[in-house]
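Mapped onto our numbering, the consecutive letters of the sequence shown carry residue numbers 588 to 691.
Cβ coordinates follow ideal geometry from the N, Cα and C atoms, glycine included.
Take a look at the structure below.
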Amino acid sequence: MTVYIDPPTWPGHGRLWSHLVSDVSYAELHAFAAALGVPRRAFERDHYDLPAQRYADAVSAGALEVSSREVVRLLHGAGLRRRKGAAGPGPGSAPGAGAQPRSS
588 MTVYIDPPTW PGHGRLWSHL VSDVSYAELH AFAAALGVPR RAFERDHYDL PAQRYADAVS
648 AGALEVSSRE VVRLLHGAGL RRRKGAAGPG PGSAPGAGAQ PRSS
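So this is what it looks like as structure tokens:
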């Protein structure tokens with residue numbers, strides 16, 4: 588299981604946030620987030636928003652620290668990137684929940 592996290596540099600709701608992503612599948616990402624106790628409502632399109640105070644927890648649990656640019660590159664490379672406004676299944680739907688990356 589490989590999950591990645593970028594630094595908590597994204598402002599929102601009075602605090603800073605990180606993005607937690609997988610380059611394998613949404614199922615892997617959901618499992619990792621659940622093991623951390625991150626609520627499913629924190630999932631947004633293709634990543635989990637994680638507050639700065641949970642960053643160290645994610646890294647301790649095995650998330651690899653990468654730049655924000657690398658997060659986007661990993662999602663694109665795996666075929667898991669979902670842009671704002673893009674049509675597609677929601678976070679809890681069966682097709683998106685276990686989506687697998689495209690083969691090269």
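Residue environment, residue 663, which counts as buried when at least 16 other CB atoms sit within 10 Å: Residue 663 is exposed by the Cβ-count criterion.
Report the option in 601, 602, 608 and 603 whose CA atom is closest to the CA atom of residue 653. With distances taken between Cα atoms, residue 653 lies closest to 608.
Can you tell me where the beta strand (DSSP E) holding residue 636 begins and where it ends? Run containing residue 636: 634-638, per the beta strand (DSSP E) assignment.
Are residue 595 and residue 639 close, meaning C-beta to C-beta below 7 angstroms? Their beta carbons are under 7 angstroms apart, which means residue 595 touches residue 639 by this criterion.
Classification of residue 643 by the beta-carbon crowding that lies within 10 angstroms, buried from 16 upward: With a threshold of 16 other beta carbon atoms within 10 Å, residue 643 falls short and is exposed.
Between residue 661 and residue 591, how many whole angstroms is the CB-CB distance? I'm expecting something under 8 angstroms. That belief holds up - the Cβ atoms of residue 661 and residue 591 are roughly 6 angstroms apart, short of 8 angstroms.
Can you check the region 606-663 for any beta strand (DSSP E) of at least 3 residues that lies completely inside it and give the ranges in chain order? Those beta strand (DSSP E) runs which fall completely within the region 606-663 and span 3+ residues are 634-638.
For residue 646, which residues from the same chain have a beta carbon less than 7 angstroms from its beta carbon, with the 5 sequence-adjacent residues on both sides left out? Closer than 7 angstroms at Cβ, skipping near neighbours: 592 and 652.
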